[in-house]
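Below you'll find the structure, written out as structure tokens, and then a few comments.
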Amino acid sequence: MSNNSNSNQSSLAKFAFNIYGTLNHSNSYDNNSTSPASSYSSIKSKVTENYDYRANKLVYNCEREVITLSQLNFQLHNLSNGYPSDHGISHHVVVGGRNYLRILALNDDQSRILQDINVLEQSTSQFNSRLPAINKLNNINTVKTHHDTIAAGLSNGLINVFKISPNGKSRLINKFSDHKRSINSLDFITNGSSFEPSNLFISGSQDGSIKLWDLRSSNPRPVITIMSSNHSDPVRSCQYSPHSTARNKMTILSAHDSGSLAKFELRSPSGNQLQNIISPERKWNLHTGPALSLHIHPEKEYVLTGGRDQKMCIWNYSDSNPSSNRVTPEHMINTYGPVMKVRWSQYPSLRSGADLNLENIQQSNEFNRFDDKLTYDEREALYSFPNSSTRGNSLYHYDFACSYLNDDSTITVYNLNRKYIPKEVITSATNKPFQNFIWPNNSTSSRKLWTVTKSNVFTTYDLDFQETSQDAEISRPLDDLPSTSITWNNGMGDFCFVNQDKYEYEMTDNESYASENDDSEELAIPLDRSNTNSVVEEEETKYYDDFERVVGSLPVPNPGFNSTNNSLASGSIEKPGLFRSSTQYSVNFTKSPSPNPRSTNTFSSFQEPAPLVRPKLHRNASTTTQESNISFGSTVHSTVPSSNNKKRLSYVNHLSPYVVPVSLPIPSNDDTVFEALADNYLVSIPDGFNLVDVCYLNASIAATVHRFRECQVWRMLAVSLEDDYVANAQQADIYTDNQREMIENNHKLEDEEYNKDAKSLSSDLGNFVGSYNSNSTSTTNYGGAGSHNGKDQSVDSLGKIPRPMKSTDDLQLHALSSKLSSNSLMELIHKSRGNSFTNASKSPEASNLFLRKESITQDDKLENAIIDDDETEDVESSSSPKDITFTGSNNNHEHSAPIAITSNESLPRTTTFESRYNRYSFTSQRRPTLTPSTHTSEDLDNENWNILNNAANNSSPVSNAIFLQQGSPNYFNQSHHSVSHHPYGSFSSRRNSAIQPVGFPRNKPSPGSSGGTRDETPKQALNQVQEEILSLNPSEKATIKSGLTRAFESSADPPANEVLKPWKVESLLKQVLEYSSQQGDVVFCATLALLFHDQYNAIISDEVCLDLISLYIEILQRKRLFVNCANVLNSCPKGLMDKIKELTINDVDLRFYCCWCEKLLVNEQSKEKLKDKRDEFGFWYCDECSKKQSNCIYCEEPCKGLTVVVSLKCGHRGHFGCLKEWFIEEENIVCPGGCDYQIL
Amino acid sequence: MKPFVTGHEELIHDVKYDFYGKHIATASSDQHIKVFDLDSSNSSWVLNDSWKGHDSSIVKLSWAHPEFSSSKILASCSYDRTVKVWQEQSDELHGSGRRWIKLATLAIESYGPIYDVAFAPNHMGLKLGCVGSDGIFRIYESLEPSDLTNWALTTELPILSMQLPAKSLQSSFCIEWCPAKFSKTEKFIVVALDQGFIYGTSPSNNQSNDIKEEMDTDSNSKSKYIKLCNLPEHNGLIRAVSWAPSMGRNYHLIATGCKDGYVRIFKATESQSGELKIETLAKLNDHKSEVWKVNWNLTGTILSSAGDDGNIRLWKCNYLNEWKCMSVINTSNRSGNRVIEEENVAQNASGK
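As they're listed, the protein sequences go chains G and Z.
Just so we're aligned, residue 1 is where the first sequence starts under our numbering, counting upward by one.
Just so we're aligned, residue 1241 is where the second sequence starts under our numbering, counting upward by one.
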């Protein structure tokens, strides 16, 4: 026996498979492995009957290729082992394939295979003598069962019919061989019940014919042959319409390779009965490719077809359907693959999302339970009569599934309620494609699927079983599809999101019913003409009665949406209200109340929508959204509603998702501010400015757009930069970063003002220029900074002052301050500063400090007043302390020293000025002992002496102690540093005050700087001296640059233990960057990066800088601020320019071909030749033929470079001047090229 | 800016702004893609075109950077197992359905739904990555800038080696490119089911252009990307992932939305050798239900997350480096109250 040879081979695979199956699906697969040989003995004892049976998925491995399956509803008695079937339905599967036809006897709940019966074997054994060939060439293509009859269509055109006896024995009762080619489809002609034997069946074949057979006749010829057309159009699928019996007709539908659906009426006289050939009564071309499958709806005269064009169509084939002339089907579902099989579900589905009344379902299930006993008529009556209104459109109740051609391993289950998203997708376990499937009848009316795959596995799935969520092979796409979405725009806080509800797109019963009714209304249009108006109206009123009843029973619509609206209105955010109805119910409400059936169609409700109701989308229920018919909201260019009205198709009120743009009301999300900042921030240091200036300028810009925080940060940076400059310029050796200094110096050298001032000063100072260079720079710097401050202040107070004016102001101030004479001017500056900083003063601590200092400096003022009469005027002013100190330093160095002390020692209030003064003198005397006095004494003059004193004071332990006292909480522990690094000590005090936005820092610079110049530790003194000696050298003092470079050259070996100071620019910068990048303030960050990268490379590393700048550029591009973008690009730090440009500028390669010899213009030769004269080189001539390109038509000279070229319409072109001369001065009207083209 | 009706008949699964923020594209289960133009005169959105893009639910969209083409390019992926690339035809009428033509159909090799498609950041060139239920990450590159219909599959990375989505019936895949332009390596995240992987070009090769080009040849395409690290801690399907722009920070921020209800924020620090160290910065379960989307804003400072509870939450890092919910926006009509909770916003504003 051929089976035996295979069995060994396959047993291993089968064994493995069953293990796999068992592993996955718990118990009870033991009987799957029943070998065919021992089929009779393989009946296992039944498992304990629990209701959890559905967890067990049936898997049976057929050992041959299986192609088709069908359900056998026939009781096999002796199999069930005391397992009587109460329901009268038996569930067995007939699986057919290549040389394979087998009944798999299932137990009652379809959870186990009790037995498998080889039909072929038995049949052959019985009929072997008569029909010898049956065991060979039995390529079964399709199988259909009815009652105890199995019809198997073979691929060679043969039809074998078997009868099953209750004991499982089968015998071949008939063979029909009239078809010439393979049988594709078989169907029994029944009255709808599977319990009455039927003797008629039809077969559809590849040869294009459908034949009707009678089992009773001994004639092997068909009763009727149906040809759909004269030439052969293969029948892929055919089915007898059970609904047609109601009208005493015999309707057969067939799907053809041509893509058409044909409808035949067997009892109509149109067919040529004599030749037994009937041509189709109707024919619809539904598919563009072959239509491969069809299935008729269990309740209604609708047919589902599937084709290779990846579509499924649902078509009303009833006689009364006037829309049968339509081109497009009523419902069309696009799928992702060519559809091979389509099947309606046997039972209405429980719907998950929509709130179907559970009772109804129960009820209907009651009916369904015994569906098979009912005729279609009965069923129809059952469904339509009592609860048709609540049940809605039964078309929408039945799921349908499709399997796919080729290698697609999925079956997709759809429901018309939600036709776009499949309800379930079943993927076969082994990823093998499905061959065929059916929805079996079962006792619980649950939606089950029986499938066979191309790997010859029979599997059952239960879609209704809740626990299928654990079944990896069934997925519900709706669970995987995101029901919400959001996207950020290019603003900092602009985004839009989708406003939708996951289940609102499911049609409710009423909607589906409405759409059904719309269909009937549609029917009514032609019927109207045929004077059947009254019928229709009656129908409709009935509908509305029903409808109102339904609506009345519905829950009250959520009143919450009114309040929604109110709350929206009360929201302070400028966010538009979202108007929509909160549930589908309210939609129903709007259309329900009207009693007039004619006017209360869905249109009227559309035309007068309640303001709060979300605009309804009109989904055309009868056509899918194809390109031609887009569904529109309110925002469409074309005017579609009118055309909709005109077309008078049926519509379903349908919600459509909203997209809601939102703009967060956070400060960083202000486009105008962003633009203003991007426009105005200086991203590079212009000529004549230094970084400090730029910071102040940017501060004022930030202030103009009310970014006061940023403004303060800029100022803070500026202040600390100022300090840094002082320190840098004068104590280059302290700072580790040589490169920074270099650049800084470069900046300074670029600074014209600086040069000017420095020169004037140097001339003033005569021979000592070299040694005082640094000193003088500091003062001028401060003058500059001060003037900027003043200007800033004026900008702040006056609003916007144009930039040129600022700079003149600036220059003026500079010129004045460089003279260092006018006290009043300084006062002006100080006042403005004071104002700005008193405005800015925030922290109570700082102000406290300020007060204390003021109280002390009052004492000083008394002293000062004696010394300098001018300053008594300033006593009342808040900025007086600064004035005192500043002027003190300017006017008289003798005074500057004590003032410097007072400010440094401002904390110990108890000490009187005298005592401090005493101490000062004391320390100044001590000073020489501390430092190598010999060197300092070399350059003795008044100033230096004072400075030294100052420094000595600073370096004294007393003052150090004071610094500590004075220190703010974040003050670093300086005690040990201060001894060894006195300059830090002194600077720290100054910077500390600089950080407090009190205005106090401003009084420091001059004494500070003067102090700083000579503030030296013993360790550094040598360097200093060296510097001085060098700078005294006449040859070196010629230029400032040389002096300064010398300065930091001498400081090539910096002190290793640099002190960390929180007010240092580096740390400030770091903090600021960190903070604003956290805040997402990209303008600020990027501007900082652009400005500071060169100098503070350690803080703003290349990567950070690149990152920030590229992000900034991208955002600028997104906002279409291309000018700013180019600006930023051009002011990129030099080192990074290339990388950034690589990112942002994409070169466009243009290739030029010689217009004479048509060769590519490379001009390598002349490139070589003209290496040094790049401007001569170009592509306006051709090396090859030595001719000029694109000559002016008038003067014969090439148009090159940025010449204005005018192209005429004739294609000729020339210089603007030439053409002007030709056309205007010489008043010609034709092209100078002689092509007779008339310009005018 | 007013909300506007999209006219989609089914759920919208993705909505995306284009580079300039002047267009919005929406992808829906009704198999249509719609593009809306911003009418700046009255700041309303007007339908540019609507067309049937796929034969199944369209789940993701991605705009190509405008530098690659003068007319806009859009990629879409769908459960119909394909990725399609579309280009706008500016001479066709608005709303005609013909304005966007298909340039290419990609990913036809995969026999399963495509869950995500994303164009790489523009500095990597015109390429897009996509991932489908077969668990293979594919990169397609446009070989010729002049011919955008020509795309070549350059990389295939099996993400789920050997292990097919077996345990869970739902599946979730997404990808996200690292937006950092000057990072040492090209990096991207692929999320497959409940695992997230960061892949990147091998840090050892120095990204010089010649080497890269060499790597692009077919022979090396498999070894081009190596797995750098995993995203830890997820107890369910990862529904979404988002990689924040680095904004000068020396670390990367990655956020994931998970079926277990958590929004997680990871900090990935890149070492000198290109290795990534992942730390969890925050685990936020305010949604208390499945989180579907997470998105960073342009500067990587605000994270939005959208969950099954119908709310969008915005997260921001406060000064104590804690991630706090900044506001909650109701996106559906389930609870009827869709006002932005303002206190937080106001607080934030004042804190600014």
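Backbone N, C-alpha and C fix where the C-beta goes; we use that ideal spot for every residue, glycine too.
Item, Value
"Going by beta carbon distance, what residues of the same chain come within less than 7 angstroms of N1228/G, once the five residues before and after it are set aside?", "W1222"
"Could you tell me which residues DSSP pairs with F458/G in its beta bridges?", "Y60/G, V452/G"
"Out of R282/G, S345/G, F495/G, W315/G, point me to the one whose CA is closest to S1544/Z's CA.", "F495/G"
"Span of the alpha helix (DSSP H) holding S279/G?", "S279/G -> no alpha helix (DSSP H), and no H or E assigned at all."
"Quick check on DSSP: helix, strand or coil for L1468/Z?", "strand"
"Assuming contact is defined by CB atoms lying nearer than 8 angstroms, are F437/G and I474/G in contact in what I supplied?", "no"
"Tell me I1379/Z's beta-bridge partners as DSSP assigns them.", "G1369/Z, T1395/Z"
"Beta-carbon of A1432/Z versus every beta-carbon of chain G: anything under 8 angstroms?", "no"
"Quick one: grab the DSSP three-state call for N1127/G.", "helix"
"Less than 8 angstroms separating the beta-carbons of P477/G and Y1351/Z?", "no"
"On the DSSP bridge assignment, give the partners of Q1327/Z in chain order.", "I1313/Z, I1341/Z"
"Tell me which residue opens and which closes the alpha helix (DSSP H) that F1422/Z is part of.", "Taken as a continuous stretch (DSSP letters only), F1422/Z belongs to no alpha helix (DSSP H), as it is neither H nor E."
"Under a three-way DSSP split, which group does D1138/G fall into?", "helix"
"Pull up the DSSP beta-bridge partners for D1549/Z, would you.", "Looking at the DSSP assignment, D1549/Z forms no beta bridge with any residue, so it has no partner."
"Since E265/G is in the beta strand (DSSP E), which residue starts that stretch and which ends it?", "260-265"
"Express the C-alpha separation of N1124/G and C1154/G in angstroms, rounding to a whole number.", "38 angstroms"
"Of all Cβ atoms in chain G, is any one closer than 8 angstroms to the Cβ of E1453/Z?", "With a pLDDT of only 44 at E1453/Z, under the threshold of 50, the placement of this residue in the model should not be trusted; the figure read from the coordinates follows. No, its Cβ sits nowhere closer than 8 angstroms to a Cβ of chain G."
"Mind checking which residues open and close the beta strand (DSSP E) that includes E1530/Z?", "Counting along the chain, E1530/Z falls outside any beta strand (DSSP E), and DSSP gives it neither H nor E."
"Inspect the beta-carbon positions of C1195/G and H1215/G and report whether they are closer than 8 angstroms.", "yes"
"Name the residues in the region 1111-1132 of chain G whose C-beta lies less than 9 angstroms from a C-beta of chain Z; which are they?", "L1111, E1114, I1115, Q1117, R1118, K1119, R1120"
"Taking C-alpha atoms, which residue in G1234/G, H256/G, Q1071/G, Y347/G lies nearest to L717/G?", "Q1071/G"
"Taking all protein chains shown into account, decide if G1234/G is buried (16 or more other Cβ within 10 angstroms of its Cβ) or exposed.", "exposed"
"Does the region 1072-1089 of chain G touch the region 677-685 of chain G, meaning 3 or more C-beta pairs lie closer than 8 angstroms?", "yes"
"Please confirm whether M1364/Z has its beta-carbon closer than 8 angstroms to some beta-carbon of chain G.", "no"
"Would you call the CB atoms of N219/G and G259/G closer than 8 angstroms?", "no"
"How many angstroms separate the CA atom of Y658/G from the CA atom of N499/G?", "5 angstroms"
"Let's test the definition: count the other Cβ atoms within 10 Å of the Cβ of I1494/Z and tell me whether it reaches 16, buried, or not, exposed.", "buried"
"Cβ of R1553/Z less than 8 angstroms from any chain G Cβ?", "no"
"Would you tell me roughly how many angstroms separate the C-alpha atoms of I1252/Z and S656/G, rounded to the nearest one?", "9 angstroms"
"Can you tell which of D116/G, D187/G, F400/G has the C-alpha that lies nearest to the C-alpha of Y240/G?", "D187/G"
"With a threshold of 16 other CB atoms inside 10 Å of the CB of S1386/Z, please say whether the residue is buried or exposed.", "exposed"
"Looking at the C-beta of T335/G, does it have a partner C-beta in chain Z at a distance below 8 angstroms?", "yes"
"Out of D1107/G, S1166/G, L1129/G, V223/G, point me to the one whose CA is closest to P1485/Z's CA.", "D1107/G"
"Could you tell me whether the Cβ atoms of A291/G and H256/G are closer together than 8 angstroms?", "yes"
"With P433/G as the anchor, note down where its beta strand (DSSP E) starts and where it stops.", "Note, P433/G: premise wrong, no beta strand (DSSP E); not H, not E."
"Could you give the distance in angstroms between the alpha-carbon of V143/G and the alpha-carbon of G97/G?", "9 angstroms"
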